[in-house]
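Some notes on the structure that comes next.
Number of protein chains: 2
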Amino acid sequence: MELTAVEETYLKALHDLSIKTDKQVSTNALASTLQNSAASVTDMLKKLSKKSLINYEPYQGARLAEQGSKLATNLLRKNRIWKVFLYQSLNIRWEDVREIAEELEHIKSDLLIDHLDAFLGYPKFDPFGDPIPNQQGKYTLRAQTPLVNLKPGTTAIITGIKTTDRAFLSHLREKAISMGTTFTLISQDPYDQTVVLLLDQKEVLLSGQVARQILIKTTS
Amino acid sequence: MELTAVEETYLKALHDLSIKTDKQVSTNALASTLQNSAASVTDMLKKLSKKSLINYEPYQGARLAEQGSKLATNLLRKNRIWKVFLYQSLNIRWEDVREIAEELEHIKSDLLIDHLDAFLGYPKFDPFGDPIPNQQGKYTLRAQTPLVNLKPGTTAIITGIKTTDRAFLSHLREKAISMGTTFTLISQDPYDQTVVLLLDQKEVLLSGQVARQILIKTTS
DNA sequence: ATATTATTTTAGATTAATCAAAATATATTA
DNA sequence: TAATATATTTTGATTAATCTAAAATAATAT
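Going line by line, the protein sequences match chains A and U.
The first sequence begins at 33 in my numbering and counts up one residue at a time.
The second sequence begins at 33 in my numbering and counts up one residue at a time.
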C-alpha cells in the first residue's frame, strides 16, 4: 500500500497517542499533536478508515488496525534508524536530530533503510533511548525508571527521556548529559526533587522539572 | 524561498535540459522528461515565472533565471552528495542509487547536507562522474572524452557516463565497470565501434552502443 | 501566401490536504 | 432530566498538482 507522507504522519501520531493512553484516540487529541484543525483530522480519519488502516467510528475516536499498526511500526523503525545516523555518524546535535528525521522517515525505499541499518551495525536503540523495531517489527522496551526515583549513592546510566523539545535537549547538552551517560546520584531535594549528580568528576545540578523527564537504569 | 518538491523537480529538469541544448527549453521537452502533460508544464512554468525563478514567454519556452539557477545548483549538490553516500557508504548498487537520491534531494535541511558532505570528506564527484557543486555553487567540469575516441593501446580511467537508466547501469556492473575503473583499450572495430578492453587482467567486450555512452580520461 | 501540421495554451475537472463556520452529537452540570 | 458546554462532523471553500479536450498560435510545406 502506497501512502502519502501526510497519511503516514497521521498513522504515526495515532500510534504514539495510543501507546500513551491505551484507548481510543480522540479527534481533538490528534488535531492538537498534529497542529491541524479538527475538521481536517475527521477527513483524514475517514480516509484511513476506508483504507482499513484504522478503526474509526464517528464521535468515538480511532485506533490503529492491524495493517495500520504495521505501517506505523515501520515508520518508527525508519525514523529511529535515521536518528542514529544523524547523531552518531554525522554528529548532528541532539536537538536538531528530530526535525530532520521526521522528514527522512518518509523516504520510501526499504532497500535504503536496510542498508543503512547494516551500515550502523543494527542498532537497538536510538539517541533518545527509544527501541528500534527490526524488519519484522519486533522490539523490546527497556526496563527503566525516572531519575527522580533513584536513591542517593546509586550509580546509573541514562537510557531515555520523555520529551524531545529543542529547549529541553539543548539544556541537557549544556549539562553534558546524553544517552548512555553514567553518573552517581549525590542528593535529591525532598521538596522539589532538585538533584545533584556526579558526572565525569563534576557536580551537575538538575531541577526536579528536568529530572522527572529523564529515564535511567541502575548499574550498581 | 520555500519550494515544493515538484517545483524543485521542474527547476532541476530545466537545468538539465538547458545544459544539453543551451537554448530555450520547450514545453514539450519538459513534458517528456518529466512524464507530464504539456498542460501541466504550462501551468507550472507560469507559476515559476511569477516567482521570478525562470524566464518564460508563452510559446517561446523557458530558461532558468538567476535565482532559479542557484536553487537548481543546490539541488544538484544535494542529489550528488546523497549519491556518494548511497554508493560509497551504504554499498547500494549503481542502478539503484539514482531513484533513491531523487527522493533524498528534496530533504530541506542545509545543516544535514553540510554534515553529510563533511562525513564523506567533501567529495568532488559523484559515482557517475558528475561534479559536486560546493556550498557556493561552484564546480568544475572534468575534461573527458567518449571511450570511442580512444586509440588502442592507451590506458584510461572511466570518469563518467552519459545515461543512467537501470538496464545500462546493471549491464556495466556485470562487466565490472564503474567510476574510477582503469583499463587499457585493446582494440576497436572500425565499422561498429565494438571495443575490447583489458580490465583487471580480463578481456571485456563492449558494443559500440555502450562504448559511446562512456566517458574517460587518459592516464598515460 | 495559404493550408496543413505541430506545439502550446486555455478551459474545465479531479484528487489530496487543508481551513472556518455551521450543524450535530456527546458529556456535564445544575 | 433538561440546559449548557464541549467535542466532532458537515458544509462549502481554497491551494497545489494534475489531466483531457478544445482553442490558439507557430512552424512547415505545398
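The beta-carbon is built from N, C-alpha and C at its ideal position, and this holds for glycine as well.
### Query
Would Leu148 of chain U pass as a contact of Asp128 of chain A if the rule is Cβ separation under 9 Å?
Taking 9 Å as the Cβ cut-off, Leu148 of chain U and Asp128 of chain A do not qualify as a contacting pair.
### Query
Between the stretch 128-152 of chain A and chain U, which residues of the former have a C-beta closer than 7 Å to a C-beta of the latter?
Residues of the stretch 128-152 of chain A that bring their beta carbon within less than 7 Å of a beta carbon in chain U comprise Asp128, Ile132, Glu135, Leu136, Ile139, Lys140, Ser141, Leu143, Leu144, His147, Leu148 and Phe151, in sequence order.
### Query
For a contact meaning CB atoms closer than 8 Å, what does Ser121 of chain U contact in chain A?
Within 8 Å of the CB of Ser121 of chain U, the CB atoms of chain A belong to Phe151, in sequence order along the chain.
### Task
Would you mind working out which of A:Ala45, A:Ile246, A:Thr105 and A:Arg130 sits nearest Arg198 of chain A, comparing C-alpha positions?
The residue among A:Ala45, A:Ile246, A:Thr105 and A:Arg130 with its C-alpha nearest the C-alpha of Arg198 of chain A is A:Arg130.
### Task
Determine whether the Cβ of Leu103 of chain U lies closer than 9 Å to any Cβ atom of chain A.
Leu103 of chain U does not count as touching chain A.
### Task
Would you check if the distance between the CB atom of Leu49 of chain A and the CB atom of Leu103 of chain A is smaller than 9 Å?
With respect to the 9 Å criterion, Leu49 of chain A and Leu103 of chain A are not classified as neighbours on the basis of their beta carbons.
### Query
What is the DSSP secondary structure of Phe160 of chain U, reduced to helix, strand or coil?
Three-state result, Phe160 of chain U: coil.
### Task
Entirely within the stretch 142-222 of chain U and at least 4 residues each: give me those alpha helix (DSSP H) ranges in chain order.
Complete alpha helix (DSSP H) runs here, min 4: 142-151 and 198-206.
### Task
Note down, in chain order, every chain A residue with its Cβ under 9 Å from the Cβ of Ile51 of chain U.
In chain A, no part has a C-beta under 9 Å from the C-beta of Ile51 of chain U; the shortest such distance is about 27 Å.
### Query
Using 8 Å as the threshold, is the stretch 111-127 of chain U in touch with the stretch 192-206 of chain U, meaning 3 or more CB pairs across them?
Judged by Cβ distances under 8 Å, the stretch 111-127 of chain U makes contact with the stretch 192-206 of chain U, as three or more pairs qualify.
### Query
By a C-beta neighbour count over all protein chains shown, 10 Å radius and 16 as the cutoff for buried, is Gly192 of chain A buried or exposed?
Buried: at least 16 other Cβ atoms inside 10 Å.
### Query
Helix, strand or coil for Ile113 of chain U per DSSP?
Ile113 of chain U sits in a helix when the DSSP states are folded into three classes.
#### Entry: Option in U:Gln92, U:Ala45 and U:Thr53 with minimal Cα separation from Ser64 of chain U
Ranking U:Gln92, U:Ala45 and U:Thr53 by Cα distance to Ser64 of chain U puts U:Ala45 first.
### Message
Can you find the residues in the same chain that come closer than 6 Å, C-beta to C-beta, to Ser219 of chain A, ignoring five residues on each side of it along the sequence?
### Response
When the five nearest sequence neighbours on each side are left out, the beta carbons in the same chain lying within less than 6 Å of the beta carbon of Ser219 of chain A are those of Pro184 and Val228, in order along the chain.
### Task
Indicate whether at least one CB of chain A lies closer than 9 Å to the CB of Arg164 of chain U.
Correcting the residue type first, residue 164 of chain U is Ile in the shown sequence and not Arg. No, its Cβ sits nowhere closer than 9 Å to a Cβ of chain A.
### Message
Suppose you measure from the CA of Gln28 of chain U to the CA of Leu66 of chain U; what does that come to, to the nearest Å?
### Response
Residue 28 of chain U cannot be examined here, being either before or after the span of chain U that is shown, 33 to 252.
### Message
Using only CA atoms, which one of A:Phe157, A:Leu152 and A:Gln167 lies nearest to Ala175 of chain A?
### Response
Answer by Cα proximity: A:Phe157.
### Query
Are any of the Cβ atoms in chain A nearer than 9 Å to that of Leu107 of chain U?
No, its Cβ sits nowhere closer than 9 Å to a Cβ of chain A.
### Three-state secondary structure assigned by DSSP to Glu127 of chain U
Taken through DSSP and simplified to helix, strand or coil, Glu127 of chain U comes out as helix.
### Task
Could you pull the start and end residues of the alpha helix (DSSP H) that Glu39 of chain U belongs to?
Run containing Glu39 of chain U: Ala37 to Thr53, per the alpha helix (DSSP H) assignment.
### Query
Any idea which residues DSSP pairs Val57 of chain U with across the strands?
In the DSSP assignment, Val57 of chain U forms a beta bridge with U:Ala94.
### Query
Residues of chain A with CB under 7 Å from Ile113 of chain U, in chain order?
Ordered by position in chain A, no residue passes the 7 Å Cβ test against Ile113 of chain U, which lies about 12 Å from the chain.
### Message
With a threshold of 9 Å between beta-carbons, can Ile124 of chain A be considered close to chain U, or not?
### Response
Interface flag for Ile124 of chain A against chain U is set, since a Cβ pair is found closer than 9 Å.
### Query
At a Cβ threshold of 9 Å, is Leu35 of chain A touching chain U?
Not closer than 9 Å to any Cβ of chain U, the Cβ of Leu35 of chain A fails to qualify, so no.
### Task
Kindly indicate which three-state DSSP category Asn68 of chain U falls into: helix, strand or coil?
In the structure shown, Asn68 of chain U sits in coil (DSSP, three-state: anything other than H, G, I, E or B).
### DSSP beta-bridge partners of Thr250 of chain A
Its beta-bridge partners are A:Ala188.
### Message
At the level of alpha carbons, what is the spacing between Lys194 of chain A and Phe160 of chain A?
### Response
Taking the straight line joining both Cα atoms gives about 9 Å.
#### Entry: CB contact below 9 Å: Leu118 of chain U versus chain A
Interface residue (Cβ-Cβ distance to chain A less than 9 Å): Leu118 of chain U is classified as such.
### Task
Quick one: give me the first and last residue of the alpha helix (DSSP H) that Gln241 of chain A is part of.
From DSSP, the alpha helix (DSSP H) with Gln241 of chain A extends over Gly240 to Ala243.
### Beta-carbon gap between Thr53 of chain A and Ala70 of chain A smaller than 9 Å
Against a cut-off of 9 Å, the Cβ pair of Ala70 of chain A and Thr53 of chain A comes out as no contact.
### Query
Looking at the unbroken beta strand (DSSP E) that takes in Ile86 of chain U, where does it start and where does it end?
Ile86 to Tyr88 is the extent of the beta strand (DSSP E) around Ile86 of chain U.
### Query
Run through DSSP, which three-state label would Glu34 of chain U get?
Looking at Glu34 of chain U - three-state DSSP - the assignment turns out to be coil, as it is neither helix nor strand.
### Task
Kindly indicate which three-state DSSP category Glu137 of chain U falls into: helix, strand or coil?
Glu137 of chain U: coil per DSSP, three-state reduction.
### Task
If I'm right that Ser84 of chain A touches Ala97 of chain A with Cβ under 8 Å, what's the distance once you round it to whole angstroms?
The beta-carbon separation of Ser84 of chain A and Ala97 of chain A, rounded to 6 Å, stays under the 8 Å limit for a contact.
### Task
Could you tell me which of A:Gln99, A:Leu230, A:Gly169 and A:Tyr91 sits nearest to Leu80 of chain A, measuring between CA atoms?
By alpha-carbon distance to Leu80 of chain A, the top candidate from A:Gln99, A:Leu230, A:Gly169 and A:Tyr91 is A:Gln99.
### Query
In this structure, what does DSSP give as the bridge partners for Leu230 of chain U?
Answer is U:Thr216 and U:Glu235.
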